[in-house]
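Asks: Handing you this structure, nothing more for now.
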Amino acid sequence: MFANKKIVLGISGGIAAYKAADIVSWLTKNGAEVHCVLTEAASEFVSPLVLQALSGREVVVNEFVTGPGWGIVHIDLATGTDLLAIIPATANIIAKIAAGIADDALTSTVLAATCPKFIAPAMNTHMYENPATQQNLQTLQQRGWQVMPPASGRLACGAVGKGKLPAVELIEEQLHRLISATDEFISNMDLVGRKVLVTAGPTTEAIDPVRYISNRSSGKMGYAVAQQAAARGAEVLLVSGPVSLQPPAGVRCVQVESARQMRDAVLSAYSDSDVVIMAAAVADYRVAAPAEQKIKKTADNQELVLQLLRNPDILQELGSQKQKQVLVGFAAETNNLEEYARAKLQSKRADLLVANDVSRSDAGFDVDTNQIIIFGADGSRREYPLCSKLQAAKYILDAVVEKLAAKN
Ligand code: CTP
């Protein structure tokens, strides 16, 4: 899976450091060349010998390693690296990286590395929630780091709260996605100077202050499009409904909840956009009169009838005001895919319509793969093989680039 991938795994000094051993083992078994770099404190929690045995490589703790094969240690580690991951990351290492400090092998390697970077913080809840740590994490995110938020649960200090290292399988899933992304990122910057607006995720429509109507959209397709567009040089605005994904590096993200909030955010950026990609699964209906207080069960309300009103159709509105923009819609269907997709393309005045069959287990909601057909307003039809959502995003943007060229 990760053949020819060089991964630097930084481990800092927290109780969760021992879990890094499992990750080293998983990466190595999958073919990666794993270089472990520990802080002094980490070496108190996990034995370098264990990591050396699992990775089959010398583990670096001390910056001043000498011996055959080593030049300047942190430069050697940072060069030709596909991914640098720090698991777990303490508040201290996060602060040092945010400040640009390079006082040991790990922090020096971080400063020298230009590859994609991932960090999984793990610490006591108060330390995690401390504004200093939060601000430092925000700084890293702004610099393009993928930050995986910690999980909640019982912590090593005995307290219960946020700060646990997420399950190893979840971390591995993220690493897999990042490493695959390095392959699928394309280097041609054919969207430089273009403003691309992407919507993603579901919308939620309130029933009362604690309940809502929504749908099964995970946002993965829209986030993949935003990530790919940014990688191709576009200035990307991502308008996202509630999802559990981190905004991709280099993408401006506006979070919304309801369809009407999404509409306002999209319309205010519309005139300035060259491309709009409506990947969001916008709720078609909202509750006519959401209750201001939580609806309680009483003896006489055995049934609850909600009156729903039609939400604005954002794509249709964009289509009716279209000027220079390339407009891309999506159609998630369970039957009559082609017929419905072509009808949506026409009624919403989109330039391209991306259709997928959500009744399939490998192309629907919350999976990492998709199988798309792109219909063009010019009558074209292109069917693509089952692929990752990042690859599907690439196909969509290829079609967008063609449309942009045809318009200008
Ligand atoms: N869309 C939108 N506003 C809505 C509903 C949908 O902008 N209120 C957009 C979606 O983002 C998508 C396209 O329209 O790009 C098609 O969405 P879809 O939910 O598949 O179709 P609908 O138009 O809602 O029609 P139906 O639910 O009848 O299939």
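Following our numbering, the numbering of the sequence shown begins with 125 at its first residue and continues without gaps.
In this text, a Cβ means the ideal position worked out from N, Cα and C, and glycines have one as well.
1) Can you give the Cα-Cα distance for Ile211 and Leu430, rounded to whole angstroms?
2) Could you check the C-alpha separation between Ala415 and Val400 for me, to the nearest Å?
3) To the nearest angstrom, how far is it from the Cα of Ala403 to the Cα of Pro326?
4) Regarding Phe126 and the ligand MN, is the C-beta to nearest heavy atom distance less than 6 Å?
5) Under 8 Å by Cβ, that's how I've got Leu289 and Arg356 pegged, so tell me the actual separation to the nearest angstrom.
6) Can you name the start and end residues of the alpha helix (DSSP H) that Phe489 belongs to?
7) What residue range does the alpha helix (DSSP H) around Met251 cover?
8) Between the alpha carbons of Met345 and Ser364, how many angstroms are there, rounded?
9) Assign Leu173 to one of two classes, buried (16 or more other C-beta atoms within 10 Å of its C-beta) or exposed (fewer than that).
10) Do Asp481 and the ligand CTP come close, with the Cβ less than 6 Å from some heavy atom?
11) Please confirm whether Val132 and Leu235 have their CB atoms less than 7 Å apart.
12) Using only CA atoms, which one of Pro436, Gly195 and Gly287 lies nearest to His250?
13) Can you list, in chain order, the residues of its chain whose CB lies under 7 Å from that of Met593, leaving out five sequence neighbours each side?
14) Per DSSP, Leu432 is paired with what?
15) Per DSSP, which residues does Tyr336 bridge with? Please list them.
16) So what does DSSP say about Met402, is it helix, strand or coil?
17) Rounded to a whole number of angstroms, what is the C-alpha to C-alpha distance between Cys160 and Asn339?
18) Taking DSSP as the reference, what is the three-state secondary structure of Ile139?
19) Would Thr152 and Ser179 be called neighbours here (beta carbons separated by less than 7 Å)?
20) Looking at the ligand CTP, does it come within less than 6 Å of Asn435, judged from the CB to the closest heavy atom?
21) Consider the C-beta atom of Val174 and the heavy atoms of the ligand CTP; say whether any pair is separated by less than 6 Å.
22) Kindly give me the distance between the Cβ atoms of Thr458 and Ser483, rounded to whole angstroms, as I take these residues to be in contact under 8 Å.
23) Let's see if you can read the secondary structure: which residues bound the beta strand (DSSP E) around Arg376?
24) Exposed or buried, Asn186, counting other C-beta atoms within 10 Å across all chains shown (16 or more means buried)?
25) Per DSSP, what kind of secondary structure is Phe126 in: helix, strand or coil?
26) Would you check whether the ligand CTP has a heavy atom nearer than 6 Å to the C-beta of Val399?
27) Flag this pair as yes or no: are the beta carbons of Asp332 and Ile419 separated by less than 7 Å?
28) To the nearest angstrom, how far is it from the Cα of Ala219 to the Cα of Ile520?
29) Starting from the C-beta of Lys143, find all residues in its chain whose C-beta is less than 7 Å away, skip the five residues before and the five after it, and write them out in chain order.
30) What residues in its chain sit with their C-beta under 7 Å from that of Asn260, if we drop five residues either side in the sequence?
31) Flag this pair as yes or no: are the beta carbons of Ala145 and Phe169 separated by less than 7 Å?
32) When the Cα of Ala393 is compared with those of Leu442, Gly500, Thr263 and Asn425, which residue comes out closest?
33) In the DSSP assignment, find the beta strand (DSSP E) that holds Glu457 and state where it starts and stops.
34) Can we count Val148 as close to the ligand CTP, meaning its CB is less than 6 Å from some heavy atom?
35) Give me, in chain order, the residues of the same chain whose beta-carbon lies closer than 6 Å to that of Ile496; leave out the 5 immediate sequence neighbours on both sides.
Replies: Taking the structure as given:
1) Taking the first residue of the sequence shown as position 1, residue 211 is located at position 87. Taking the first residue of the sequence shown as position 1, residue 430 is located at position 306. Cα to Cα, the separation comes out at about 47 Å.
2) Here residue 415 refers to the residue found at position 291 of the sequence shown. Here residue 400 refers to the residue found at position 276 of the sequence shown. If you take the alpha carbons of Ala415 and Val400, they lie about 34 Å apart.
3) Residue 403 sits at position 279 when you count from the first residue of the sequence shown. Residue 326 sits at position 202 when you count from the first residue of the sequence shown. Distance between the alpha carbons of Ala403 and Pro326 is about 9 Å.
4) For the ligand MN, the structure offers nothing, since it holds only the ligand CTP.
5) Position 165 of the sequence shown holds residue 289. Position 232 of the sequence shown holds residue 356. The Cβ separation is near 34 Å, so there is no contact.
6) Within the sequence shown, residue 489 is the residue found at index 365, counting from 1. Neither: Phe489 is in no alpha helix (DSSP H) and is coded neither H nor E.
7) Within the sequence shown, residue 251 is the residue found at index 127, counting from 1. DSSP places Met251 inside the alpha helix (DSSP H), whose first and last residues are Thr249 to Glu253.
8) Here the question's residue 345 lines up with position 221 in the sequence shown. Here the question's residue 364 lines up with position 240 in the sequence shown. Between Met345 and Ser364, the C-alpha separation is close to 12 Å.
9) As a first step, residue 173 must be located in the sequence shown, where it is residue number 49. Answer is exposed; the Cβ neighbour count stays below 16.
10) Position 357 of the sequence shown, counted from the start, is the residue given in the question as residue 481. It does not: the Cβ of Asp481 is nowhere closer than 6 Å to a heavy atom of the ligand CTP.
11) Counting from one through the sequence shown, the residue named residue 132 turns up at place 8. Counting from one through the sequence shown, the residue named residue 235 turns up at place 111. Taking 7 Å as the Cβ cut-off, Val132 and Leu235 do not qualify as a contacting pair.
12) Numbered from its first residue, the sequence shown carries residue 250 at position 126. Among Pro436, Gly195 and Gly287, the Cα nearest to that of His250 is on Gly287.
13) In the structure displayed, the chain extends from 125 to 532; residue 593 sits before or after that span and is not available.
14) In the sequence shown, residue 432 corresponds to position 308, counting from 1. Per the DSSP secondary-structure output, Leu432 pairs in a beta bridge with Val411.
15) As a first step, residue 336 must be located in the sequence shown, where it is residue number 212. Tyr336 pairs with Ala330.
16) On the sequence shown, position 278 is the one that residue 402 refers to. Looking at Met402 - three-state DSSP - the assignment turns out to be strand.
17) As a first step, residue 160 must be located in the sequence shown, where it is residue number 36. As a first step, residue 339 must be located in the sequence shown, where it is residue number 215. Approximately 42 Å between the Cα atoms of the pair.
18) Walking along the sequence shown from the start, residue 139 turns up at place 15. It is helical.
19) Here residue 152 refers to the residue found at position 28 when the sequence shown is read from its first residue. Here residue 179 refers to the residue found at position 55 when the sequence shown is read from its first residue. Cβ distance < 7 Å, so Thr152 and Ser179 count as in contact.
20) As a first step, residue 435 is located in the sequence shown; it is residue number 311 there, counting from the start. Answer for Asn435: yes, Cβ within range of the ligand CTP.
21) What you label residue 174 is simply residue 50 of the sequence shown in a count that begins at 1. Result no, Cβ not under 6 Å from the ligand CTP.
22) In the sequence shown, the residue the question calls residue 458 occupies position 334. In the sequence shown, the residue the question calls residue 483 occupies position 359. Confirmed, Cβ separation roughly 4 Å.
23) The sequence position of residue 376 within the sequence shown is 252, counting from 1. Segment Arg376 to Gln379, the beta strand (DSSP E) holding Arg376.
24) Start at 1 with the first residue of the sequence shown, and residue 186 comes out as number 62. With fewer than 16 Cβ atoms within 10 Å of its Cβ, Asn186 is classed as exposed.
25) As a position in the sequence shown, residue 126 is number 2, starting the count at 1. Phe126: coil per DSSP, three-state reduction.
26) Position 275 of the sequence shown holds residue 399. No, the ligand CTP has no heavy atom inside 6 Å of this Cβ.
27) Locating residue 332 in the sequence shown gives position 208, counting from the first residue. Locating residue 419 in the sequence shown gives position 295, counting from the first residue. Contact: yes.
28) Position 95 of the sequence shown, counting from 1, holds the residue named residue 219. Position 396 of the sequence shown, counting from 1, holds the residue named residue 520. Going by the C-alpha atoms only, they are around 39 Å apart.
29) Indexing the sequence shown from 1 puts residue 143 at position 19. Contacts found: Leu289 and Val292.
30) Taking the first residue of the sequence shown as 1, we reach residue 260 at position 136. If we look at Asn260 and ignore the five residues flanking it on each side, its Cβ neighbours are Ile218, Ala219 and Ala222.
31) Here residue 145 corresponds to residue number 21 of the sequence shown, with the count starting at 1. Here residue 169 corresponds to residue number 45 of the sequence shown, with the count starting at 1. No.
32) Within the sequence shown, numbered from 1, the residue matching residue 393 stands at position 269. Looking at the Cα atoms, Leu442 is the closest of the given residues.
33) Within the sequence shown, numbered from 1, the residue matching residue 457 stands at position 333. Taken as a continuous stretch (DSSP letters only), the beta strand (DSSP E) holding Glu457 covers Val450 to Glu457.
34) Here residue 148 refers to the residue found at position 24 when the sequence shown is read from its first residue. No, the beta carbon of Val148 sits no closer than 6 Å to any heavy atom of the ligand CTP.
35) The residue labelled residue 496 in the question sits at position 372 within the sequence shown. Only Val478, Asn480, Tyr508 and Ala516 meet the Cβ criterion.
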